[in-house]
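Protein chains: 2
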Amino acid sequence: MPTTTPGARGPYAKTAGVRQRILEACIEVFAENGYRATSMKEVAERAGISQRGLVHHFAGKGELLDAVIELREAESAKLMAPIGSGVGSFVGMLDVIADNSRRPGLVELSSLLATEGAAPEHPAHDHYRRSYAGLRQYFAVAFEALRKQGELASDLDSETLAVSFIALMEGLQVQWLYDRSTVDLDGMIRAYLQTLIPRFSALTDDADRPTARS
Amino acid sequence: MPTTTPGARGPYAKTAGVRQRILEACIEVFAENGYRATSMKEVAERAGISQRGLVHHFAGKGELLDAVIELREAESAKLMAPIGSGVGSFVGMLDVIADNSRRPGLVELSSLLATEGAAPEHPAHDHYRRSYAGLRQYFAVAFEALRKQGELASDLDSETLAVSFIALMEGLQVQWLYDRSTVDLDGMIRAYLQTLIPRFSALTDDADRPTARS
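First to last, the sequence lines map onto chains A and B. Numbering of the first sequence is given in the working numbering, commencing with residue 11 and proceeding in unit increments. Numbering of the second sequence is given in the working numbering, commencing with residue 11 and proceeding in unit increments.
Now the structure itself:
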């Protein structure tokens, strides 16, 4: 901080603050309405700035969408384990879900954008298609590692297990949005994993220890 | 037909035909844009009628949404087995999914409306909340029946299995929309059921015989 002059820091910090406020407002509005039904006007109003001010920071809805997705993925990435972490990959994912479920608006946002994006002409379509493919590979590698360790109680191929695990997580989150008292997100995902990986609890106790995860 | 005069039949048949054309157009537009981002103008254009003509049949978007949901559920209900059908409940569900997957627009429609509807202020929110609760009960009863028959290879409670099965089906359909060559909807759902119900194939061969299902 002493390396920058107050005069230079001020405007940059202010810009970053405004961008942050816009993105938070945008996440709220996208979560409520989806991308398509949201107007720049609504985002500006929610952020408490003029439309002109909004356009100064984000030229259009497409730029907002990119920034929101990037922000959310960066937050998730902090909690995820590197590819090839075996059981740690599932622990990290459970952490992401626990984190999201403290802010149901974020679960609405992810579910809605991923579903809207299924239409090929949606601006986030290619992003989500790649993202699903990447996530499938990530969990296929994790299942395959557990299989090699003799920890997997399933004959299904790892790709099928990965697709199904991602489907389960996403489907549970949608039901959870409707009925949080019935859908125990964390408990149901763990129960599923426990069926596939009988020593899941024991292994994750190890993985939770900081030394075992680094 | 001979019991109605041509003069009386004509207008009714015409009205039914126009309503049908509107609903088909509406299903397409909802599937592409969701409910929120759709305007009456777009539905009218897609159906090839004036906005005034559209409003004559459906006063607003809410009425269209109700009619579309009712139509889709009636179509699914025809393929579903009655509650308490044990393994037949899963066979019927697989038939619904196979039927939908011949028309990907319908899968987009269901996924998008169910996800949009998670916002409490969405006009379809209460409908989908009840619908999920009903579907959970439906499959919990099916799993419970199989457990009593000694056909269930899981210690998880039937409610958890029902929630998870619904989640898996819906999550798989979203991924399938992005990548139909990777996600074998029918095969992956059967593989999951086979894990829970080791004699699933044998039992469904029985259930598929018309006599066993009546």
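Where is the CB? At the ideal position from N, CA and C, for every residue including glycine. Nothing here was measured: the structure is a model prediction, and the numbers come from that model.
Chain-ordered chain A contacts of L187 of chain B [CB-CB under 8 Å]: Locating residue 187 of chain B in the second sequence gives position 177, counting from the first residue. Within 8 Å Cβ-Cβ: A128.
Indicate the three-state DSSP secondary structure (helix, strand or coil) for P133 of chain B in the structure shown. Taking the first residue of the second sequence as 1, we reach residue 133 of chain B at position 123. Residue state, collapsed to three classes: coil.
Taking the beta carbon of Y138 of chain A as the centre, do at least 16 other beta carbons fall within 10 Å, making it buried, or is it exposed? Against the first sequence, residue 138 of chain A aligns to sequence position 128. Classification of Y138 of chain A: buried, given that the 10 Å Cβ count is 16 or more.
Confirm, please, whether the CB-CB distance from L123 of chain B to F40 of chain B is below 8 Å. Locating residue 40 of chain B in the second sequence gives position 30, counting from the first residue. Locating residue 123 of chain B in the second sequence gives position 113, counting from the first residue. With a cutoff of 8 Å on beta-carbon distance, F40 of chain B and L123 of chain B are scored as near each other.
Proximal residues of chain B, C-beta to C-beta of L119 of chain A below 9 Å: Translated into positions along the first sequence, residue 119 of chain A becomes position 109. Near L119 of chain A there are no residues of chain B at all, since even the closest Cβ is about 11 Å away, more than 9 Å.
Sub-8 Å separation of G127 of chain B and E126 of chain A beta-carbons: Position 117 of the second sequence holds residue 127 of chain B. Position 116 of the first sequence holds residue 126 of chain A. No; because the gap between Cβ atoms is not below 8 Å, this pair is not in contact.
Label A23 of chain B either buried or exposed according to how many other C-beta atoms from any shown protein chain fall within 10 Å of its C-beta, with 16 as the threshold for buried. Residue numbering aside, residue 23 of chain B sits at position 13 when the second sequence is read from its first letter. Exposed: under 16 other Cβ atoms inside 10 Å.
Reduced DSSP category for I79 of chain A - H, G, I as helix; E, B as strand; rest coil: What you label residue 79 of chain A is simply residue 69 of the first sequence in a count that begins at 1. Residue state, collapsed to three classes: helix.
Less than 8 Å between CB atoms is the rule here; does I176 of chain A satisfy it with respect to chain B? Here residue 176 of chain A refers to the residue found at position 166 when the first sequence is read from its first residue. Yes, I176 of chain A counts as interfacial toward chain B.
Could you tell me which uninterrupted alpha helix (DSSP H) segments, each at least 4 residues in length, are contained entirely in the stretch 33-109 of chain B, listed from first to last along the chain? Complete alpha helix (DSSP H) runs here, min 4: 50-57, 61-67 and 71-89.
Does any CB atom of chain B fall closer than 8 Å to the CB of N110 of chain A? Position 100 of the first sequence, counting from 1, holds the residue named residue 110 of chain A. Under the Cβ criterion of 8 Å, N110 of chain A is not counted among the residues facing chain B.
Ends of the alpha helix (DSSP H) at D165 of chain A? Taking the first sequence and counting its residues from 1, the one referred to as residue 165 of chain A is at position 155. Segment: none, D165 of chain A is in no alpha helix (DSSP H) and carries neither H nor E.
Counting C-beta neighbours from all protein chains within 10 Å, is the total for Q183 of chain B 16 or more, i.e. buried, or is it exposed? Position 173 of the second sequence holds residue 183 of chain B. Of the other Cβ atoms in all chains shown, 16 or more fall within 10 Å of the Cβ of Q183 of chain B; this residue is therefore buried.
How should E85 of chain A be labelled, buried or exposed, when 16 other C-beta atoms within 10 angstroms of its C-beta is the threshold for buried? Locating residue 85 of chain A in the first sequence gives position 75, counting from the first residue. Looking at its Cβ environment, which holds fewer than 16 other Cβ atoms inside 10 Å, E85 of chain A is exposed.
For A77 of chain A, which residues in the same chain have their Cβ closer than 7 Å to its Cβ, ignoring the five residues on either side in sequence? To locate residue 77 of chain A, count along the first sequence from 1; it is residue 67. L33 and F68, listed in sequence order.
Going straight from the alpha carbon of R209 of chain B to that of L156 of chain B, what length do you get? As a working mapping, residue 209 of chain B is identified with position 199 in the second sequence. As a working mapping, residue 156 of chain B is identified with position 146 in the second sequence. R209 of chain B and L156 of chain B have their C-alpha atoms spaced approximately 10 Å apart.
Examine chain B for any beta-carbon lying closer than 8 Å to the beta-carbon of M50 of chain A, and answer yes or no. Position 40 of the first sequence, counting from 1, holds the residue named residue 50 of chain A. Taking CB atoms only, M50 of chain A has no neighbour in chain B less than 8 Å away.
Going by Cα to Cα distance, which pick from B:L75, B:G94, B:A47 and B:L178 is closest to I199 of chain B? As a working note, residue 199 of chain B is residue 189 in the second sequence. Ranking B:L75, B:G94, B:A47 and B:L178 by Cα distance to I199 of chain B puts B:L178 first.
Tell me the rounded alpha-carbon separation between V151 of chain B and Q185 of chain A. Working through the second sequence from its first residue, we reach residue 151 of chain B at position 141. Working through the first sequence from its first residue, we reach residue 185 of chain A at position 175. Near 19 Å, if we compare the C-alpha coordinates of Q185 of chain A and V151 of chain B.
Three Cβ pairs or more, each shorter than 8 Å: is that satisfied between the stretch 132-149 of chain B and the stretch 162-175 of chain B? Flag = yes, the stretch 132-149 of chain B and the stretch 162-175 of chain B touch.
Put I207 of chain A into one of helix, strand or coil per three-state DSSP. For the purposes of this step, residue 207 of chain A is taken as the residue at position 197 of the first sequence. Here I207 of chain A sits in coil by DSSP.
Hey, is the stretch 98-118 of chain B in contact with the stretch 188-203 of chain B, meaning 3+ C-beta pairs nearer than 8 Å? Touching, per the Cβ criterion.
Which residues of chain B have a Cβ atom closer than 9 Å to the Cβ of G144 of chain A, listed in chain order? Looking up residue 144 of chain A in the first sequence gives position 134. What G144 of chain A touches in chain B: nothing, since even the nearest Cβ is about 12 Å away.
Counting only beta-carbon separations shorter than 8 Å, does A214 of chain B have a partner in chain A? In the second sequence, counting from the first residue as 1, residue 214 of chain B sits at position 204. This sequence places Thr at residue 214 of chain B; Ala is not what is there. No, no contact with chain A.
Hey, L162 of chain B and L195 of chain B are a contact pair by Cβ (cut 8 Å); roughly how many whole angstroms apart? Your numbering for residue 162 of chain B matches position 152 in the second sequence. Your numbering for residue 195 of chain B matches position 185 in the second sequence. Under the criterion of beta carbons closer than 8 Å, L162 of chain B and L195 of chain B do not qualify as touching, at roughly 23 Å.
Contact set between A172 of chain B and chain A, taken where Cβ atoms lie within less than 9 Å: Taking the first residue of the second sequence as position 1, residue 172 of chain B is located at position 162. For A172 of chain B, none of the residues of chain A pass the 9 Å Cβ criterion, the least Cβ distance being about 10 Å.
Looking at the C-beta of A184 of chain A, does it have a partner C-beta in chain B at a distance below 8 Å? Counting from 1 along the first sequence, the entry for residue 184 of chain A is found at position 174. Looking at the sequence shown, residue 184 of chain A is not Ala but Val. At a cut-off of 8 Å, the C-beta of V184 of chain A has a neighbouring C-beta in chain B.
Got a sec: is the Cβ-Cβ distance from E73 of chain B to anything in chain A below 8 Å? The sequence position of residue 73 of chain B within the second sequence is 63, counting from 1. Not one chain A Cβ lies under 8 Å of E73 of chain B.
Would I93 of chain A be called buried (16 or more neighbouring beta carbons within 10 Å of its own) or exposed? Reading the first sequence from its first residue, position 83 is the one you call residue 93 of chain A. It is exposed - the Cβ of I93 of chain A has fewer than 16 other Cβ atoms within 10 Å.
In the DSSP assignment, the alpha helix (DSSP H) including V117 of chain A goes from what residue to what residue? Locating residue 117 of chain A in the first sequence gives position 107, where the first residue counts as 1. Going by DSSP, V117 of chain A is part of the alpha helix (DSSP H) stretching over P114 to E126.
Which of the three DSSP states is assigned to S191 of chain A in this structure? On the first sequence, position 181 is the one that residue 191 of chain A refers to. DSSP, read as helix, strand or coil, puts S191 of chain A in coil.
Give the straight-line distance between the Cα atoms of A212 of chain A and Q204 of chain A, rounded to the nearest whole angstrom. Along the first sequence, one-based indexing puts residue 212 of chain A at 202. Along the first sequence, one-based indexing puts residue 204 of chain A at 194. Rounded to the nearest angstrom, the two C-alpha atoms are 10 Å apart.
Select from A:K51, A:G115 and A:D109 the residue whose C-alpha is nearest the C-alpha of A87 of chain A. Along the first sequence, read from residue 1 onward, the residue named residue 87 of chain A stands at position 77. Taking only the C-alpha atoms, the option nearest A87 of chain A is A:D109.
Measure the CB-CB distance between P133 of chain B and L75 of chain B and report whether it falls below 8 Å. Walking along the second sequence from the start, residue 133 of chain B turns up at place 123. Walking along the second sequence from the start, residue 75 of chain B turns up at place 65. It is a contact, given that the beta carbons lie within the stated cut-off.
What's the C-alpha gap between G58 of chain B and K71 of chain B? One-based indexing of the second sequence puts residue 58 of chain B at position 48. One-based indexing of the second sequence puts residue 71 of chain B at position 61. Straight-line spacing of the CA atoms in G58 of chain B and K71 of chain B works out to 17 Å.
Under 8 Å between C-beta atoms of Y142 of chain A and Y188 of chain B: As a working note, residue 142 of chain A is residue 132 in the first sequence. As a working note, residue 188 of chain B is residue 178 in the second sequence. Taking 8 Å as the Cβ cut-off, Y142 of chain A and Y188 of chain B qualify as a contacting pair.
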